[in-house]
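Residue numbering for the sequence shown is -10 to 483, as defined by our numbering. All C-beta atoms, glycine included, are put in the ideal place defined by N, C-alpha and C. Before any comments, here is the structure.
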Amino acid sequence: MHGVLEHLWSDWKIGLAVAAGVAAGAGLISAWLTPRGPITTTQTLISMLAALVVGLLAGFAMGNRWSLLVAPVVFVVVFELARRGVNGPTVDAIHLNSTYGIIAFVLGRAAHGLFVLAPMILGSVYGVWLSTRLGGEAAAPMGVIGWTLTGLATLALLVIAAFVARPAATYPIVGPDGGPLPGSIAELITVPIGGHEQALMIRGRDVDNPVLLFLAGGPGGTEIGAMRADVSLEQDFVVVTWDQRGAGKSYSALDPTATLTLEQAVADTIALTNYLRDRFAEDRIYLVGQSWGSTLGVLAVQQHPELYYAFVGSGQMVSQRETDIMFWEDTLAWAEQTGNAALAATLRQNGPPPYDNLLDYEPAISHEHDWNRYPELDVSKEMPGNLFVPENSFMDRINGLRGFLDTFSVLYPQLQDIDFRRDIPSLDIPIYMVAGRHEARGRAVLADEWFAMLEAPSKERIVFEASGHRPNFEQPERFAEVMRDVLRETYPAR
């Protein structure tokens, strides 16, 4: 063995070839197994450990600190080349000239660097030290400062691993004695939907209560945290919050993106509905959609009205294309009124939506809270603030933001031909529309037009005076009151 090591260290080219080979092999394997970088908790912990070992082997083979550069560079080059077929803002070309582009870089490359490149570099440090101890060419000693920094880096890596390893959990619903309430339900599960494992949070004081399926906004949004901020709905319903395919806790189900279509999203909604009907022995369930979820909900109800007692749309969407055009107009007007010449010039240069590139939407849609502020606005109830709940693990929080970019970029172009005013003049179940008084013109005008012409067995429009686009989250107790009224009006007596 000693002779093999002497031969390895006798020629720097041999050590370089071994180090580069190990790093290249790791890059190929990572691109095959985790082309978007590690997604799940298990993937992340394994990737961190594997990267540490790769760095250790590279540092040991080269026996000098050039390995700290060689291993990460070779890994990155091979990894990026091998995963070229994967698409989405977090893995596409780097764009640091926009906020969305910077966020995509941080969630994609920077996060990957934290989980893989940092351990690889640290492993190389220990590999070089080990080679010196076993008779390799002596590297310059690190000294007290070097070892202190290495120790701090090791401690930081262990802390990160501990954060990553913390499992997600949802607290039980408790009774008067402080213990879990008999007959209640509080669980985080994954179920196969449309051939992909997708995540659900199910909570309710009584499993015999009617079932409410909540469809989050986006596409690619997660609202598990927002739903946990208020428990009022859990008193009267078994509340099912679904992280749709490619969103939040279901981000790992994103690929292959070729099968992530609007038709599949509707089919997944129907499949989940039937799973819930079977599991809780209900003929029908209640469907609540917020923003994009209201689009998805209307399409599901149109196809299978017999599965639902009623549909409730919050922040109702009608035509994404027309909404975006009106947002572009309102943002341009605000930019001109406030003297923001750079933003106005960008908007004029881009022209009105739709756009082929997600990043081009940023100037048109990201300033809503600037030109549509109102006294009760609380952005802490939106992402990323609502990601920080026990129901989300460390990786769930990262994936919550990843999904909003990557899943949005796949699904949103498929929504451009939707216009309920033209395509859905009637629905066969009771319809409730919950709107905020401060809803942006680009949504409110279209929703009012569609509601006025919509034919349904019954329909009601309820306005929340202190809300904007998210009335169910901005005034959750008021929304729970509305849902109790919906229950009284539509749920059959038993």
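Answer with buried or exposed for Q32, where buried requires no fewer than 16 other C-beta atoms within 10 angstroms of its C-beta.
Indexing the sequence shown from 1 puts residue 32 at position 43. Buried.
With distance defined between alpha-carbon atoms, name the residue in D319, P465, I182 nearest to P341.
To locate residue 341, count along the sequence shown from 1; it is residue 352. Measuring from the Cα of P341, the nearest candidate turns out to be D319.
What did DSSP end up calling P181 once you bin it into helix, strand or coil?
Mapped onto the sequence shown, residue 181 falls at position 192. It is a strand residue.
With DSSP run on the structure shown, which of helix, strand or coil describes D437?
To locate residue 437, count along the sequence shown from 1; it is residue 448. Residue state, collapsed to three classes: helix.
If I measure Cβ to Cβ from Q403 and keep anything under 8 Å in the same chain, skipping five residues before and after, which residues do I get?
Residue 403 sits at position 414 when you count from the first residue of the sequence shown. Correct list, in chain order: T250, L251.
Rounded to whole angstroms, what is the Cα-Cα separation between I413 and E438?
On the sequence shown, position 424 is the one that residue 413 refers to. On the sequence shown, position 449 is the one that residue 438 refers to. Answer to the nearest angstrom: the Cα atoms are 12 Å apart.
I'd like to know if the segment 308 to 322 and the segment 416 to 425 are in contact, where contact means that at least 3 CB-CB pairs between them fall below 8 Å.
no
Straight-line CA distance for S355 to S120?
Indexing the sequence shown from 1 puts residue 355 at position 366. Indexing the sequence shown from 1 puts residue 120 at position 131. Spanning the two alpha carbons is a distance of roughly 53 Å.
In or out: Q487 buried (at least 16 other Cβ within 10 Å) or exposed?
Shown here, the chain extends from -10 to 483; a query on residue 487 therefore has no answer.
Say whether the segment 380 to 396 touches the segment 460 to 471, bearing in mind that this needs 3 or more beta-carbon pairs closer than 8 Å, one atom from each stretch.
no
Measuring alpha carbon to alpha carbon, tell me which residue in V180, L416, A429, E454 is nearest F440.
As a first step, residue 440 is located in the sequence shown; it is residue number 451 there, counting from the start. Closest option to F440, Cα to Cα, is L416.
I need the straight-line Cα distance from L435 to I407, nearest angstrom please.
As a first step, residue 435 is located in the sequence shown; it is residue number 446 there, counting from the start. As a first step, residue 407 is located in the sequence shown; it is residue number 418 there, counting from the start. Using only the alpha carbons, I get a separation of about 12 Å.
Based on the DSSP secondary-structure assignment, which residues constitute the bridge partners of G10?
Numbered from 1 along the sequence shown, position 21 holds the residue referred to as residue 10. None, per the DSSP bridge assignment.
For S217, count neighbouring C-beta atoms within 10 Å of its own C-beta (all shown protein chains included) and say buried if the count is 16 or more, exposed if not.
Residue mapping note: residue 217 aligns to position 228 of the sequence shown, counting from 1. It is Arg, not Ser, that sits at residue 217 in the sequence shown. Classification of R217: buried, given that the 10 Å Cβ count is 16 or more.
What are the partner residues of W231, as DSSP defines its beta bridges?
Numbered from its first residue, the sequence shown carries residue 231 at position 242. W231 is bridged to L189, L204.
Check whether the Cβ atoms of L202 and I274 lie closer than 8 Å to each other.
If you number the sequence shown from 1, residue 202 lands on position 213. If you number the sequence shown from 1, residue 274 lands on position 285. For L202 and I274, yes; Cβs fall inside 8 Å.
What would DSSP say about I387, mapped onto helix, strand or coil?
Here residue 387 refers to the residue found at position 398 when the sequence shown is read from its first residue. Here DSSP, grouped into helix, strand and coil, assigns I387 to helix.
Could you check whether the segment 181 to 191 touches the segment 228 to 235, counting it as contact only if at least three pairs of C-beta atoms, one from each stretch, sit closer than 8 Å?
Short answer: they touch.
Tell me which same chain residues have a C-beta within less than 8 Å of the C-beta of T88, skipping the five on either side of it?
Taking the first residue of the sequence shown as position 1, residue 88 is located at position 99. Non-local C-beta neighbours of T88 in its own chain, meaning closer than 8 Å and more than five positions away in sequence, comprise E351, S355, ordered along the chain.
Does the distance from the C-beta atom of M109 to that of V43 stay below 8 Å?
If you number the sequence shown from 1, residue 109 lands on position 120. If you number the sequence shown from 1, residue 43 lands on position 54. Contact flag set, yes.
Buried or exposed: G304, going by 16 or more other Cβ atoms within 10 Å of its Cβ?
Along the sequence shown, one-based indexing puts residue 304 at 315. By the 10 Å Cβ count, G304 comes out buried.
Since S303 sits in a beta bridge, which residues does DSSP pair it with?
Within the sequence shown, residue 303 is the residue found at index 314, counting from 1. S303 is bridged to Q279, V423.
At the level of alpha carbons, what is the spacing between V7 and A205?
Here the question's residue 7 lines up with position 18 in the sequence shown. Here the question's residue 205 lines up with position 216 in the sequence shown. Here the C-alpha atom of V7 lies approximately 49 Å from the C-alpha atom of A205.
Considering only the alpha carbon of each residue, which of Y298, S241, L285 lies closest to R266?
Start at 1 with the first residue of the sequence shown, and residue 266 comes out as number 277. For R266, the nearest C-alpha among the options comes from Y298.
Looking only at its own chain, which residues have a Cβ that is under 6 Å from the Cβ of K2, when we skip the five neighbours before and after it?
Residue mapping note: residue 2 aligns to position 13 of the sequence shown, counting from 1. Here the set comprises nothing.
Under 8 Å, with one C-beta from each stretch per pair, do the segment 13 to 31 and the segment 62 to 76 reach the 3-pair mark?
yes
Kindly give me the distance between the Cβ atoms of A469 and L222, rounded to whole angstroms, as I take these residues to be in contact under 8 Å.
One-based indexing of the sequence shown puts residue 469 at position 480. One-based indexing of the sequence shown puts residue 222 at position 233. With 8 Å as the limit, A469 and L222 qualify as a contact, their Cβ atoms being about 5 Å apart.
Reducing DSSP to helix, strand and coil, say where G274 ends up.
Position 285 of the sequence shown, counted from the start, is the residue given in the question as residue 274. The sequence shown places Ile at residue 274, not Gly. In the structure shown, I274 sits in a strand (DSSP, three-state: E or B).
Between the beta-carbon of D213 and the beta-carbon of N381, is there less than 8 Å?
In the sequence shown, the residue the question calls residue 213 occupies position 224. In the sequence shown, the residue the question calls residue 381 occupies position 392. Per the sequence presented here, residue 213 reads as Ile, with Asp not at that position. Yes.
Reducing DSSP to helix, strand and coil, say where V163 ends up.
The residue you call residue 163 lines up with position 174 of the sequence shown. If DSSP states are grouped into helix, strand and coil, V163 belongs with the strands.
Just mark Q279 as buried or exposed, buried being the case when its beta carbon has 16 or more other beta carbons within 10 Å.
For the purposes of this step, residue 279 is taken as residue 290 along the sequence shown, with counting starting at 1. Residue environment analysis places Q279 among the buried positions, since at least 16 neighbouring C-beta atoms fall within 10 angstroms of its C-beta.
Tell me the residue span of the beta strand (DSSP E) that contains E449.
As a position in the sequence shown, residue 449 is number 460, starting the count at 1. From DSSP, the beta strand (DSSP E) with E449 extends over 448 to 453.
Return yes when the Cβ of R386 is within less than 8 Å of the Cβ of L376, no when it is not.
The count along the sequence shown starts at 1 and reaches residue 376 at position 387. The count along the sequence shown starts at 1 and reaches residue 386 at position 397. Taking 8 Å as the Cβ cut-off, L376 and R386 qualify as a contacting pair.
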